[in-house]
Amino acid sequence: MSSELPTWKEIPIAGTILEPGNSVKYKTGDWRTFRPVIDQEKCVRCLFCWAYCPDAAVKIVEKPYRTQSGREYQFSVEIDYDYCKGCGICANECPAKAIQMVEEVK
Amino acid sequence: MMPEVRWRRLPLNANYAVAHAVKDSDVDVVAAYPITPQTTVVEKISEFIANGELDAEMIHVESEHSALSACVGASAAGARVFTATAAQGLELMHEILHIASGLRLPIVMTIATRALSAPISIWCDYSDVMNARDASWVTMFVSSAQEAYDSVIQAFKIAEHPDVLLPVMVAYDGFIMSHTYEPVLVAEDPAPIREFIPKRRDRIVLDPEKPVTMGPIAMPEWYYEIKYQQVEAMKNAYRVVKETIDEFAKRFGRRYPVVETYRLEDAEIGILTYGAIYGTLREAIDIMRSKGMKVGAIKLRLWRPFPYEEVLQAIKHLKLLIVADRAISYGARIAGPVALEIMSLLLYESERPEVMSVVIGIGQRTVTEEDFEQIAKLGAKWLEEKRIPRETIYWGVRGVTYA
Amino acid sequence: MPERYYKSLRDLPKEEYLASGHRLCAGCAAGTIIRHLLKVAGPNTIVVTATGCLEVATTPYPLTAWRVPWIHVAFENAASVASGVEAAIKALQRKGLIDPSKRINIIAIGGDGGTYDIGFQALSGMLERGHKVMYLLYDNEAYMNTGIQRSGGTPQFAWTTTTPAGRVWKGKHQPKKPISDIVAAHRIPYVATANPAYVLDMVNKFRRALEVEGPSFVHVIQPCPTGWRFDPSKSIEIAKLATETGMWINWELDHGEFRVTVPVPKRKHVKHYIRAQGRFRHLTDEDIEKIQEYINKEVERINKLVGKEVIGPLAE
Numbered sequence: 531m532s533s534e535l536p537t538w539k540e541i542p543i544a545g546t547i548l549e550p551g552n553s554v555k556y557k558t559g560d561w562r563t564f565r566p567v568i569d570q571e572k573c574v575r576c577l578f579c580w581a582y583c584p585d586a587a588v589k590i591v592e593k594p595y596r597t598q599s600g601r602e603y604q605f606s607v608e609i610d611y612d613y614c615k616g617c618g619i620c621a622n623e624c625p626a627k628a629i630q631m632v633e634e635v636k
Numbered sequence: 154m155m156p157e158v159r160w161r162r163l164p165l166n167a168n169y170a171v172a173h174a175v176k177d178s179d180v181d182v183v184a185a186y187p188i189t190p191q192t193t194v195v196e197k198i199s200e201f202i203a204n205g206e207l208d209a210e211m212i213h214v215e216s217e218h219s220a221l222s223a224c225v226g227a228s229a230a231g232a233r234v235f236t237a238t239a240a241q242g243l244e245l246m247h248e249i250l251h252i253a254s255g256l257r258l259p260i261v262m263t264i265a266t267r268a269l270s271a272p273i274s275i276w277c278d279y280s281d282v283m284n285a286r287d288a289s290w291v292t293m294f295v296s297s298a299q300e301a302y303d304s305v306i307q308a309f310k311i312a313e314h315p316d317v318l319l320p321v322m323v324a325y326d327g328f329i330m331s332h333t334y335e336p337v338l339v340a341e342d343p344a345p346i347r348e349f350i351p352k353r354r355d356r357i358v359l360d361p362e363k364p365v366t367m368g369p370i371a372m373p374e375w376y377y378e379i380k381y382q383q384v385e386a387m388k389n390a391y392r393v394v395k396e397t398i399d400e401f402a403k404r405f406g407r408r409y410p411v412v413e414t415y416r417l418e419d420a421e422i423g424i425l426t427y428g429a430i431y432g433t434l435r436e437a438i439d440i441m442r443s444k445g446m447k448v449g450a451i452k453l454r455l456w457r458p459f460p461y462e463e464v465l466q467a468i469k470h471l472k473l474l475i476v477a478d479r480a481i482s483y484g485a486r487i488a489g490p491v492a493l494e495i496m497s498l499l500l501y502e503s504e505r506p507e508v509m510s511v512v513i514g515i516g517q518r519t520v521t522e523e524d525f526e527q528i529a530k531l532g533a534k535w536l537e538e539k540r541i542p543r544e545t546i547y548w549g550v551r552g553v554t555y556a
Numbered sequence: 002m003p004e005r006y007y008k009s010l011r012d013l014p015k016e017e018y019l020a021s022g023h024r025l026c027a028g029c030a031a032g033t034i035i036r037h038l039l040k041v042a043g044p045n046t047i048v049v050t051a052t053g054c055l056e057v058a059t060t061p062y063p064l065t066a067w068r069v070p071w072i073h074v075a076f077e078n079a080a081s082v083a084s085g086v087e088a089a090i091k092a093l094q095r096k097g098l099i100d101p102s103k104r105i106n107i108i109a110i111g112g113d114g115g116t117y118d119i120g121f122q123a124l125s126g127m128l129e130r131g132h133k134v135m136y137l138l139y140d141n142e143a144y145m146n147t148g149i150q151r152s153g154g155t156p157q158f159a160w161t162t163t164t165p166a167g168r169v170w171k172g173k174h175q176p177k178k179p180i181s182d183i184v185a186a187h188r189i190p191y192v193a194t195a196n197p198a199y200v201l202d203m204v205n206k207f208r209r210a211l212e213v214e215g216p217s218f219v220h221v222i223q224p225c226p227t228g229w230r231f232d233p234s235k236s237i238e239i240a241k242l243a244t245e246t247g248m249w250i251n252w253e254l255d256h257g258e259f260r261v262t263v264p265v266p267k268r269k270h271v272k273h274y275i276r277a278q279g280r281f282r283h284l285t286d287e288d289i290e291k292i293q294e295y296i297n298k299e300v301e302r303i304n305k306l307v308g309k310e311v312i313g314p315l316a317e
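Protein chains in written order, with my numbering: chain A, 531 to 636; chain B, 154 to 556; chain C, 2 to 317.
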């Protein structure tokens with residue numbers, strides 16, 4: 531394994547990391563045992579889940595949505611399962627009870 | 154053809170000489186805390202800034218730990234930085250010494266060397282700087298105020314060299330040099346000095362235009378390679394120090410070799426030391442020579458990286474090398490740090506002098522020409538009797554005698 | 002009321018400068034706090050972080066979660082390093098070596114260990130010298146990075162691995178050190194306490210802290226599922242309870258003017274906060290009453306300071 535890693539010459543000086551935010555290469559979605567599932571019908575787009583998420587794993591996406599009762603939203607809120615650790619803060623804080631924690635099955 | 158440099162001859166102690174060098178090097182940030190016998194360096198730099206002679210930020214930190222920490226921050230942000238300390242201050246910095254070098258920051262620091270507590274002593278020896286041996290700082294010992302001035306300027310050139318990027322420490326005797334005045338040539342106009350050490354913009358710094366992460370956590374599969382880079386940087390520093398000495402000599406006419414010798418060519422016994430005491434040693438050599446003794450002197454100017462080639466070259470013809478150290482490695486059979494270093498080098502040489510380790514001048518115990526003469530005579534006697542001591546001689550301690 | 006730069010969550014920048022993929026525990030509110038700090042600060046920012054959970058979890062070589070320039074030096078010196086960064090930027094801008102027109106935020110971040118305890122001297126020095134640095138304290142009330150040891154920020158009676166609950170001990174003996182009051186005594190332009198459950202209050206304080214000339218300090222409570230012993234989904238709920246019970250009061254001191262920014266008209270009994278966490282499991286109702294008394298006194302002191310009842314009486 532170690533032979534595939536860069537040599538001392540190839541590593542930038544002092545181990546300084548030159549690529550900002552490259553932690554995205556590490557998918558923390560594996561940590562999850564329960565996954566949050568957003569019910570777009572119930573979601574009121576309050577953004578609490580987006581604001582509270584410690585992992586920036588709740589995304590505001592430009593997907594207009596029209597509920598069955600006719601309410602129109604310019605955007606939707608989605609979970610980024612690559613990074614969501616399944617902590618459940620979003621579901622716990624959702625004032626509309628629009629997020630369910632569903633057990634992961636592998 | 155470069156314009157001729159005009160010099161001003163000023164009566165300065167080593168502390169003031171250093172302050173002049175800092176000013177002439179156009180340092181951007183100084184962070185320092187007062188400690189005897191370094192204090193007047195910081196006072197003089199403050200004066201230069203207060204009078205507009207140096208445009209720099211002075212951070213009046215609340216401790217030496219913060220002094221070096223602030224230097225790390227400032228250097229990481231791309232500034233040319235300087236600090237100075239001694240003894241307890243250097244000890245308090247110790248943690249950050251390793252981080253400054255580990256982050257590869259070209260910080261320059263001067264040390265007015267001083268004995269360590271306890272008992273508390275404000276007087277000179279080299280136990281403070283010797284304790285910093287393994288911190289991966291390029292380390293120089295200088296012997297005059299002029300050399301201190303010139304070495305600080307050289308230090309910036311060495312530290313900032315892209316093949317080095319290590320911090321540099323310039324050490325000189327507390328009180329013996331920090332508080333005694335000598336005539337020193339300082340640049341009339343700092344421009345030629347600043348041209349000699351132009352501000353480089355080629356290293357990685359904290360810059361919002363190019364965000365980097367400095368000082369991450371390195372797991373076992375990464376740490377070793379990153380530390381090995383420092384091993385290579387030190388090797389490069391050995392070359393760059395010598396190149397800088399040559400360039401400096403060419404430009405400014407003053408040369409300080411990594412190892413200096415005096416009347417050594419035909420000597421049978423050589424005495425090696427460092428710092429201000431080298432002056433006393435040279436006087437002693439003249440006295441001994443006048444009495445027909447075949448003795449010579451060696452001054453070690455560069456401590457890290459250790460100039461093994463030059464040291465071996467200088468000492469290989471000797472019958473006896475006496476290493477006069479000014480620090481004690483307690484519990485070691487050979488307790489002089491430089492003696493120990495040289496003995497390890499000689500292990501690989503088939504032709505080698507006998508080595509005698511002597512500790513002198515601890516806590517600024519006076520060392521005279523007479524002391525060196527007696528040590529040399531004792532060494533000559535023991536050499537003839539083939540009984541060079543296998544452990545360090547503690548010269549000048551009441552209650553300890555040698556015959 | 003505090004300056005309202007952000008009136009709703011929709012006003013917050015969408016950019017993320019703390020990238021996903023960091024390794025903070027699931028439910029760690031430090032992620033929430035730092036995300037918002039960086040949203041407010043934006044890209045023209047340099048961050049110094051003390052040793053701690055945040056530092057370790059965000060920068061395991063060769064990966065970093067930071068999208069702004071970032072440096073870690075040691076545990077006790079984030080404030081000193083930030084002082085150096087600030088001085089360097091000042092000097093380099095004055096000398097024209099970097100763009101003098103650019104305003105660069107300098108932020109130092111420390112946990113409770115790195116702020117209350119080992120880093121306190123460096124912090125005090127930085128405040129006294131008046132560096133234009135914002136210091137963020139994320140307070141999870143113990144040395145979580147080394148495995149939940151007591152710090153000066155640990156509240157009284159909390160279990161930690163070095164203040165275990167046993168036949169003789171009932172968790173930590175001493176109350177929490179009033180760090181923000183001590184910082185305020187330095188008479189710096191801006192000091193605030195904040196809570197990630199009250200995001201808008203928190204981000205407005207971050208913005209103000211970055212705006213003032215001179216040092217600023219924002220102290221944020223950071224519930225820690227691992228060390229406080231609760232389910233990760235409860236981080237924000239517990240943070241909210243801290244304020245609803247008066248255990249944590251959100252205030253600011255802006256150029257000497259003191260305000261409670263999140264008034265609590267009716268206070269919940271502290272047992273709701275205490276009983277939600279495993280670290281207080283060993284406490285009897287009697288012990289909890291002692292904490293309640295302590296809070297009552299603190300609430301009285303705060304109300305007196307404000308000159309009216311901003312934190313109301315116990316209601317449930």
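For each residue, glycine too, the CB sits at the ideal point set by N, CA and C.
Check, Outcome
"Just checking, does the region 19 to 29 of chain C make contact with the region 211 to 226 of chain C on the three C-beta pairs under 8 Å criterion?", "yes"
"Between which two residues does the alpha helix (DSSP H) containing A/M631 stretch?", "Looking at the DSSP string, A/M631 is not in any alpha helix (DSSP H); the run it does join, the beta strand (DSSP E), is 629 to 633."
"How far does the alpha helix (DSSP H) with C/N304 in it extend, from its first residue to its last?", "286 to 307"
"Chain A partners of C/R374, CB-CB under 8 Å?", "The question about residue 374 of chain C has no answer here: the residues shown for chain C are numbered 2 through 317."
"Select from C/G172, C/G215, C/L138 the residue whose C-alpha is nearest the C-alpha of C/I180.", "C/L138"
"Can you give me, in chain order, the residues of the region 370 to 404 of chain B that have a beta carbon less than 7 Å from any beta carbon in chain C?", "I370, A371, M372, W375"
"To the nearest angstrom, report how far apart B/I541 and B/E300 are at their CA atoms.", "35 Å"
"Quick one: does A/V554 have its CB under 7 Å from some CB of chain C?", "yes"
"So, helix, strand or coil for B/E502, using DSSP?", "coil"
"Check whether the Cβ atoms of B/T236 and B/R457 sit closer than 7 Å, and answer yes or no.", "no"
"Are any of the Cβ atoms in chain A nearer than 7 Å to that of C/R68?", "yes"
"Going by C-alpha to C-alpha distance, which of B/Q191, B/S219, B/L245, B/G226 sits closest to C/P70?", "B/G226"
"Using the beta-carbon of each residue, which ones in chain C are nearer than 8 Å to A/A544?", "Those within 8 Å of A/A544 in chain C number zero; the least Cβ separation is about 11 Å."
"Let's test the definition: count the other Cβ atoms within 10 Å of the Cβ of B/Y427 and tell me whether it reaches 16, buried, or not, exposed.", "buried"
"Ends of the alpha helix (DSSP H) at C/G228?", "226 to 229"
"Going by the CB atoms, is the gap between C/L254 and C/A185 shorter than 7 Å?", "yes"
"Comparing C-alpha positions only, which one of B/K452, B/Y186, B/K539, B/A529 sits nearest to B/W548?", "B/A529"
"Measuring straight from C-alpha to C-alpha, what distance separates B/S482 and B/S270?", "15 Å"
"CA-CA distance, A/P625 and C/I239?", "16 Å"
"Between the region 136 to 156 of chain C and the region 102 to 117 of chain C, do three or more beta carbon pairs fall short of 8 Å?", "yes"
"By alpha-carbon positions, which one of A/K555, A/K593, A/W561 ends up nearest to A/Y603?", "A/K593"
"In or out: B/I273 buried (at least 16 other Cβ within 10 Å) or exposed?", "exposed"
"Can you check DSSP and say which residues form a bridge with B/M283?", "B/M283 is not bridged to any residue."
"Give the interface partners of B/D208 over in chain C, defined as CB-CB distance under 8 Å, in chain order.", "A92, R95, K96"
"Does the Cβ of B/G115 have 16 or more other Cβ atoms within 10 Å, making it buried, or fewer, making it exposed?", "The structure shown has nothing for residue 115 of chain B, since chain B only spans 154 to 556."
"Shorter than 7 Å from the beta carbon of A/E623 to some beta carbon of chain C?", "yes"
"Determine the burial state of C/S9: buried for a count of at least 16 other Cβ atoms within 10 Å of its Cβ, exposed for fewer.", "exposed"
"Determine whether the Cβ of A/W538 lies closer than 7 Å to any Cβ atom of chain B.", "yes"
"Does B/R257 have its Cβ less than 7 Å from a Cβ in chain A?", "yes"
"Quick one: what does DSSP say C/L315 is sitting in, helix, strand or coil?", "strand"
"Going by C-alpha distance, which of C/K272, C/V307, C/I303 is nearest C/Q293?", "C/K272"
"Can we say the region 389 to 406 of chain B touches the region 487 to 497 of chain B, given the rule of at least three CB pairs closer than 8 Å?", "no"
"Tell me where the beta strand (DSSP E) around B/P164 begins and ends.", "160 to 165"
"Just to confirm my understanding: we take B/P187, look at its own chain, exclude 5 residues before and 5 after, and list those with CB closer than 7 Å. What are they?", "V195"
"Would you mind stating whether B/V476 and B/A450 have Cβ atoms separated by less than 7 Å?", "no"
"So, at 7 Å on beta carbons, what are the nonlocal neighbours of C/D288 in its own chain, with the 5 sequence-adjacent residues on each side left out?", "F158, K171"
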